[in-house]
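Numbering (the working numbering), first residue to last: 7 to 656.
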Ligand code: WTA
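So this is what it looks like as structure tokens:
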């Protein structure tokens with residue numbers, strides 16, 4: 007934790023937006039009083055509340071214990087038997103929704119496919135049978151590294167169907183990152199594609215997998231979907247084409263009845279150190295969190311056409327592209343490619359074409375749309391929209407207002423949803439028919455969630471005082487541990503503020519109780535809504551043979567929220583040139599993925615450190631953002647280093 011002592015909040019926003027009477031009237035929760043009542047009654051009996059909610063899922067066997075809490079380890083719905091794939095598919099077929107569209111998919115080149123619930127069920131069953139043919143068993147880990155195509159969803163649900171544990175790795179990550187994740191999870195199988203489309207070009211997914219698998223001794227087979235048709239190497243005996251694998255397999259595959267606490271997936275995310283954390287989620291509780299929040303926060307109705315723009319490689323894709331909406335039998339729009347291909351109006355074209363009613367995206371995208379200009383959304387009829395959502399980072403009021411006016415036509419409530427990979431589902435967000443919104447505030451915790459803002463001692467802070475956001479009570483979709491590292495789990499989340507879950511976000515509540523998220527208080531960056539640790543980038547840089555030492559900090563970026571600034575000292579005799587800067591940027595991008603490409607590299611003679619040798623990141627942040635150096639420098643070991651860094655800039 008770096009910013010411990012200086013969480014100050016400067017943002018003050020006074021505009022308030024009420025949902026229309028019509029919206030509230032039709033909503034699942036239609037007034038603030040009703041929200042309050044729900045929240046209070048849930049807090050009085052957390053277990054009873056969640057047990058009641060859990061009845062909305064289909065269980066093969068009812069649980070005997072709603073919550074077993076041996077802090078910090080939770081078991082939810084112990085004794086219950088359930089299957090996530092069954093809840094997302096079979097249940098709806100039994101309810102007569104066979105021919106309802108489940109996925110409306112559009113590829114970047116413009117090809118489209120629609121899968122009804124029945125068709126999706128069939129494909130999932132076939133692929134699940136194929137996995138069984140490959141000898142995949144309940145509990146085996148499987149890496150999925152694919153473009154955003156229907157087969158990605160099919161692969162996830164097929165794993166869930168047989169109790170295999172998926173670890174989806176975002177297609178923008180490098181071979182190196184895939185290998186790390188394969189090895190940490192000890193995956194047996196990689197599911198990939200020849201490539202995927204991104205901004206008119208193909209992404210070499212299979213070539214990356216080939217490199218990764220060389221360093222992943224636990225991988226036995228690679229299943230390859232033909233997507234782009236680009237030339238790839240197929241390794242005989244190891245690599246199998248998806249279409250060949252499923253040809254001739256049966257289309258019936260009963261869903262396994264799994265323990266509620268059976269793992270559903272591992273998803274790697276950045277923490278404060280260089281090594282990504284395998285966030286470990288289980289079945290019953292996670293699915294409940296996903297379905298419950300999706301229904302309430304997006305106020306989902308049977309005729310909605312719902313579009314979450316996140317890639318399934320991130321938690322938002324897991325929970326609000328796949329599990330939440332499918333569990334609620336929602337029609338989902340899914341788009342493979344970039345928002346500006348072939349032109350900057352692609353998203354708006356898709357909304358108009360399919361009549362999207364609920365749209366969920368990230369502030370970084372909204373800021374890019376603003377920059378591209380109003381003429382692009384104005385070209386299309388967006389009147390089908392009735393609700394807008396935002397996720398991934400604090401949304402600045404200016405972007406919120408633009409979203410509200412230009413995309414929502416002033417008529418759509420905005421749900422600013424705060425949550426994390428670890429929380430599994432949304433924790434803080436307005437219920438759109440009930441809670442008046444303020445631009446930039448995620449407003450209030452959902453019923454069932456007890457969130458507080460506390461100081462270092464764990465004491466609740468007063469109105470408008472900054473503090474740490476914590477969650478006081480266990481909730482069903484919480485992470486259970488970090489895969490293979492329970493000690494780190496305990497240390498990261500449960501020791502900073504004993505007795506409650508530590509989110510590592512700073513926040514404040516205003517005089518009306520609205521929560522305003524102020525951003526991370528650890529060394530995690532939020533670049534375009536994607537989490538990256540400064541240490542990951544530092545250790546990538548340190549692997550370059552010219553680099554002696556590197557320190558990485560975030561700096562404000564108009565579009566991305568945060569950019570990556572690197573301070574690098576070179577080994578003696580190495581010249582600090584612009585071409586070396588370019589080489590280092592490429593080097594990081596290759597070793598982690600394009601999302602980690604540094605925005606700025608500065609060479610320096612030395613790094614400012616405390617007497618005990620800790621890099622003083624606060625000073626570097628000030629320098630990177632062009633602020634005057636603030637705060638206490640009395641522990642700084644070598645003042646001249648700081649002076650050099652500053653003069654370099656002037
Ligand atoms: C940040 C993404 C402000 C926060 C779902 C959190 C947000 C981290 C919001 C988790 C929001 C996410 N307002 N900040 N609405 N949503 N964050 O794990 O810092 O990729 O801790 O999960 O994103 O990022 P993650």
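Glycine included, C-beta positions come from ideal geometry on N, C-alpha and C.
No experiment lies behind these values; they were computed from the predicted model shown.
Using a Cβ-Cβ cutoff of less than 6 Å, which residues in the same chain neighbour residue 7 once the five nearest sequence positions on both sides are dropped? As a working note, residue 7 is residue 1 in the chain shown. Summary for residue 7: the model assigns pLDDT 37, below 50, so the residue's position carries little reliability; its value from the coordinates is reported in the next sentence. Excluding positions up to five away in sequence, the list reads 527 and 528.
With a Cβ-Cβ cutoff of 7 Å, do residue 158 and residue 127 count as a contact? Against the chain shown, residue 158 aligns to sequence position 152. Against the chain shown, residue 127 aligns to sequence position 121. No, the Cβ-Cβ distance between residue 158 and residue 127 is not below 7 Å.
Leaving out the 5 sequence neighbours to the left and right, which residues in its chain are closer than 6 Å to residue 372 when beta-carbon positions are compared? Within the chain shown, the letter at position 366 stands for residue 372. Excluding positions up to five away in sequence, the list reads 405 and 409.
Beta-carbon separation (whole angstroms), residue 19 vs residue 446, contact threshold 8 Å: On the chain shown, residue 19 is found 13 positions in, with the first residue counted as 1. On the chain shown, residue 446 is found 440 positions in, with the first residue counted as 1. About 5 Å; that satisfies the 8 Å criterion.
How big is the Cα-Cα spacing for residue 454 and residue 116? Taking the chain shown and counting its residues from 1, one reaches residue 454 at position 448. Taking the chain shown and counting its residues from 1, one reaches residue 116 at position 110. Between residue 454 and residue 116, the C-alpha separation is close to 42 Å.
Taking only heavy atoms of ligand 1 into account, decide whether any of them is closer than 6 Å to the Cβ of residue 562. Taking the first residue of the chain shown as position 1, residue 562 is located at position 556. No; taking the cut-off as 6 Å, the Cβ of residue 562 has no heavy atom of ligand 1 nearer than that.
Just mark residue 59 as buried or exposed, buried being the case when its beta carbon has 16 or more other beta carbons within 10 Å. Mapped onto the chain shown, residue 59 falls at position 53. So residue 59 ends up on the buried side.
Measuring straight from C-alpha to C-alpha, what distance separates residue 298 and residue 574? Stepping through the chain shown from its first residue, residue 298 is reached at position 292. Stepping through the chain shown from its first residue, residue 574 is reached at position 568. Looking at the two C-alpha atoms, the distance is approximately 47 Å.
With residue 595 as the anchor, note down where its alpha helix (DSSP H) starts and where it stops. Position 589 of the chain shown, counted from the first residue, corresponds to residue 595. Counting along the chain, the alpha helix (DSSP H) containing residue 595 begins and ends at 584-598.
Ordered along the chain, which non-local residues of its own chain (more than five positions away) have a Cβ less than 7 Å from that of residue 11? Start at 1 with the first residue of the chain shown, and residue 11 comes out as number 5. Reliability of the predicted coordinates at residue 11 is poor, the pLDDT of 38 falling under 50, and the value obtained from them is presented with this limitation in mind. Closer than 7 Å at Cβ, skipping near neighbours: no residue.
Using the C-alpha atoms, what's the distance from residue 217 back to residue 236? Here residue 236 corresponds to residue number 230 of the chain shown, with the count starting at 1. Here residue 217 corresponds to residue number 211 of the chain shown, with the count starting at 1. Take the alpha-carbon of residue 236 and the one of residue 217: they are about 17 Å apart.
Kindly provide the ranges of any beta strand (DSSP E) runs that are 3 or more residues long and lie completely inside the stretch 112-191, ordered along the chain. 118-122, 147-151 and 171-174
DSSP state of residue 240 mapped onto helix, strand, coil: On the chain shown, residue 240 is found 234 positions in, with the first residue counted as 1. DSSP places residue 240 in coil when its eight states are reduced to three.
Using only CA atoms, which one of 599, 485, 582 and 155 lies nearest to residue 284? Residue mapping note: residue 284 aligns to position 278 of the chain shown, counting from 1. For the options 599, 485, 582 and 155, the alpha carbon positioned closest to that of residue 284 is the one of 485.
Should residue 549 be listed as close to ligand 1, given that the test is whether its C-beta is under 6 Å from any heavy atom? Within the chain shown, the letter at position 543 stands for residue 549. Residue 549: no, Cβ never under 6 Å from ligand 1.
Are residue 57 and residue 72 close, meaning C-beta to C-beta below 7 Å? Counted from its first residue, the chain shown places residue 57 at position 51. Counted from its first residue, the chain shown places residue 72 at position 66. Cβ atoms of residue 57 and residue 72: closer than 7 Å.
Does DSSP put residue 520 in a helix, a strand or coil? For this step, residue 520 is matched to residue 514 along the chain shown. Coil, per DSSP.
Compute the Euclidean distance between the alpha carbons of residue 377 and residue 370, then round it to the nearest angstrom. On the chain shown, residue 377 is found 371 positions in, with the first residue counted as 1. On the chain shown, residue 370 is found 364 positions in, with the first residue counted as 1. Distance between the alpha carbons of residue 377 and residue 370: 11 Å.
Which listed residue (25, 184, 229 and 258) has its alpha carbon closest to that of residue 135: One-based indexing of the chain shown puts residue 135 at position 129. Selected option, being the one with the closest Cα: 258.
Between the stretch 239-255 and the stretch 166-179, do at least 3 Cβ pairs fall closer than 8 Å? no
Can you determine whether any heavy atom of ligand 1 sits closer than 6 Å to the C-beta of residue 223, and answer yes or no? Working through the chain shown from its first residue, we reach residue 223 at position 217. For ligand 1, not one heavy atom lies less than 6 Å from the Cβ of residue 223.
Can you tell which of 206, 141 and 160 has the C-alpha that lies nearest to the C-alpha of residue 194? As a working note, residue 194 is residue 188 in the chain shown. The option with the nearest alpha carbon to residue 194 is 141.
Taking the Cβ atom as the reference point for each residue, do residue 130 and residue 164 lie within a distance shorter than 7 Å? On the chain shown, residue 130 is found 124 positions in, with the first residue counted as 1. On the chain shown, residue 164 is found 158 positions in, with the first residue counted as 1. Closer than 7 Å, so yes.
Give me the Cα-Cα distance between residue 220 and residue 152, rounded to the nearest whole angstrom. Taking the first residue of the chain shown as 1, we reach residue 220 at position 214. Taking the first residue of the chain shown as 1, we reach residue 152 at position 146. Approximately 19 Å between the Cα atoms of the pair.
Would you kindly check if the distance between the Cβ of residue 531 and the Cβ of residue 602 is under 7 Å? Against the chain shown, residue 602 aligns to sequence position 596. Against the chain shown, residue 531 aligns to sequence position 525. Against a cut-off of 7 Å, the Cβ pair of residue 531 and residue 602 comes out as no contact.
When you compare the stretch 254-272 with the stretch 288-308, are there three or more beta-carbon pairs, one atom per stretch, that lie closer than 8 Å? yes
Secondary structure, alpha helix (DSSP H): runs of 4+ residues fully inside the stretch 305-359: 330-333
Quick one: any contact between the stretch 490-507 and the stretch 565-585, if contact means 3 or more CB pairs under 8 Å? no
Is residue 456 helix, strand or coil by DSSP? Numbered from 1 along the chain shown, position 450 holds the residue referred to as residue 456. Here residue 456 sits in coil by DSSP.
Of the residues 397, 363, 382 and 368, which one's Cα is nearest the Cα of residue 389? Residue 389 sits at position 383 when you count from the first residue of the chain shown. Out of 397, 363, 382 and 368, 363 has the C-alpha closest to the C-alpha of residue 389.
Among 37, 561 and 354, which one has its Cα closest to the Cα of residue 627? As a position in the chain shown, residue 627 is number 621, starting the count at 1. Closest by alpha carbon: 561.
Cutoff 7 Å; reference residue 407; Cβ partners in own chain excluding five residues on either side: Residue mapping note: residue 407 aligns to position 401 of the chain shown, counting from 1. Here the set comprises 445.
Are the stretch 319-331 and the stretch 427-445 touching, with three or more C-beta to C-beta distances below 8 Å? yes
Among 37, 273, 607 and 383, which has the Cα closest to the Cα of residue 359? By 1-based counting over the chain shown, the position of residue 359 is 353. Residue 383 is the option with its Cα nearest to residue 359.
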